[in-house]
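Report on the following structure.
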Amino acid sequence: MRGSRLISGLLAGGLATAALAAAGPTVSSAVPLRPGVHAAASATAARLTLPPPTGPDDVGTVALRLVDDSRHDPWVPAQAYRELMVSVFYPARDAAAYPVAPQMTPAAAKHFDASLGTPVHQGLNIKPGAADWGATMTHSHQGAPVAAGRHPVVLYSPGLGDPRTLGTTFAEDLASRGYIVVTVDHTYDASEVEFPGGRVEPFKLPLDGDPIATLKKVMSVRVADTRFVLDRLSTLPYGLGAAVDPARIGMAGQSAGGFTALQVLHDDPRVRAAANLDGTVGFDQDDGGPGLSPLAESGLRRPFLLMGSQASDHHTVRSWEALWDHSTGRRRDLHLRGSAHHTYTDLESLAPQLKTDADTGWIDSSRAVAEQRAYLAAFFDRWLRGRDDGLLDRPSPRYPDVTFVR
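Residues in the sequence shown are numbered consecutively from 2, following our numbering.
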């Protein structure tokens, strides 16, 4: 599975990223990050579009800085707190009165572009300057009021090296179907995280030493981050905390984020179901042996979904096989024919606009997006809402690329 090789190769690749000049940290626990005018880009840079969500609800969004002062930052021990950025997408009312938010904030977009071609984004086949990343707009309205009622929640964790913003397509679509979706940046293992005031914190994982030990720490930090976010859900500002239904929480993630989602499902009873999008659950490049995770060895007792790329399923991926065999919870294994590792990110729809595959395979982009959306919504509807359309039970002629792995 390429997810395993990606994270192992990144740590072995000698990535050197210098921290940008930083403003002093603020101390508030929830600070809105407002979009600004995007930085100037080359006249030849492409302006990209994201697919619109398909649900009946308008979507609102806010970005928040959350501070965990109960622990020092594990990657920067001199920092006496751990700070995260999250974006919350939610069903909104009166959305037309509020501006549409950009996918990436200005400084983050500039840094993301500069990081293309470096080991942190190896395999994407996108050149710096090819796109005006700061000009890509979401379909979500900044600061719109949340719709009345209590809503199920899904957390999203991105792949190692990726910013949370590459999960926007996933988040917006579920939000348009009535979910509150919280996308999480794991500071210092994302290519960059922009905090209020334009301060950017880049990737800072250690690149020497034992890669298995480093990846074990990565997962430990990610799980702690996620459980902290779970702790904060009921206190989210702008009426969002009151709109969260704490009895209906799920999680999803891509690559290392998929591993994170399943590990949190294992560790935290507040999460009822989780989806892993092409993420190994082993620590070493061979995806097994001494790097097989305790999660794979102990299995899961609650519902989970595996969605893999073309050659990834529980018969071909050693850690998935172990997880499958040791689990007693309800489970489903699907893959998309012709897909690749980054099919399960926003790059599936953005890369064709740049005329590159960006590790997204040969599957038709519009079909891939529609199929992911349909099956992920069916999964969370079944386990968080008690709604079952039968889509997860058998192949459907409406979605010809989806393979059910038995």
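Ideal Cβ positions, reconstructed from N, Cα and C, are used throughout, including at glycine.
Asked                                                                                                                      : Found
Range covered by the alpha helix (DSSP H) that runs through A109                                                           : P107 to S116
Residue environment, R72, which counts as buried when at least 16 other CB atoms sit within 10 Å                           : exposed
Exposure label - E298; buried when at least 16 CB within 10 Å                                                              : exposed
Counted within 10 angstroms of its Cβ, other Cβ atoms place D402 as buried (16 or more) or exposed                         : buried
Length of the line joining the Cα atoms of H425 and R388                                                                   : In the structure as shown, the chain starts at 2 and stops at 407, and residue 425 therefore has no counterpart that could be examined.
Rounded C-alpha distance that separates D288 from E84                                                                      : 31 Å
Chain-order list of residues whose beta-carbon lies under 6 Å from that of T261 (same chain, five-residue window excluded) : S158, R223 and G254
For A379: DSSP bridge partner residues                                                                                     : According to DSSP, A379 bridges with nothing at all.
Residue burial classification, P54 (beta-carbon count within 10 angstroms, cutoff 16)                                      : buried
Straight-line gap, V101 to W76 (C-alpha atoms, nearest Å)                                                                  : 34 Å
Minimum C-alpha distance to D133 - residue among V121, A149, A145 and H112                                                 : H112
Beta-bridge partners of A275, as assigned by DSSP                                                                          : M252 and F305
Alpha helix (DSSP H) segments (min. 4 residues) lying fully within the segment 102-171                                     : 107-116
Member of G362, A145, A323 and V219 whose CA lies at the smallest distance from the CA of A1                               : Given that the chain is displayed from residue 2 to residue 407, the structure contains no residue 1 and the question cannot be resolved.
Rounded Cβ spacing between R249 and L385 (contact assumed at less than 8 Å)                                                : 4 Å
C-beta atoms of R273 and P238 nearer than 9 Å                                                                              : no
Whole-number beta carbon distance between A244 and R151, since they are thought to touch under 8 Å                         : 6 Å
Three or more C-beta pairs below 8 Å linking the segment 161-174 and the segment 85-93                                     : yes
Own chain partners of T329 with C-beta closer than 6 Å, once the 5 adjacent residues on each side are dropped              : R302
Distance CB(S350)-CB(G309) smaller than 9 Å                                                                                : no
Nearest candidate by alpha-carbon position, reference F229, set Q123, P103 and M86                                         : M86
Rounded C-alpha distance that separates L49 from A225                                                                      : 34 Å
Cβ neighbour criterion (16 or more within 10 Å) applied to S313                                                            : buried
A93 - DSSP class collapsed to helix/strand/coil                                                                            : strand
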